[in-house]
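Engineer: I'd like to ask some things about the structure below.
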Amino acid sequence: MSQAKVDNYKKNKANRQKMMKKEKFLHRLEMVGITLVCVVFVGWIGYSIYAKVERAQGTTQETVEFDASAVQDYVSGLTQD
-2 MSQAKVDNYK KNKANRQKMM KKEKFLHRLE MVGITLVCVV FVGWIGYSIY
48 AKVERAQGTT QETVEFDASA VQDYVSGLTQ D
């Protein structure tokens, strides 16, 4: 049994650098994923707040009236000639 443990230790020692690289890569990948999720979450919150503020400010509507009688008279004068 002791020889099996020694063989296992030697095998792990030989592959240690590969395993460490893989673990570091996976750790970085997890950190990038977590950062991306946080950025999306903060952006979503910011957009929601912005939309609520814009909606609150847009409740007053302004009505504009345009008198187009002069334009209609001009156009009808052109078609009569």
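Here my numbering is used: position 38 in the sequence shown is 35, and no number is missing along the way.
Note that CB positions come from ideal geometry on N, CA and C, so glycine has one too.
Secondary structure at Asn12, three-state DSSP: helix, strand or coil?
Structural biologist: It is coil, neither helix nor strand.
Engineer: Can you give me the start and stop residues for the alpha helix (DSSP H) that Thr76 sits inside?
Structural biologist: Start and end: Ser66 to Gln77.
Engineer: To which residues of the same chain is Glu59 closer than 8 Å at the C-beta, ignoring the five residues directly before and after it?
Structural biologist: Correct list: empty, nothing qualifies.
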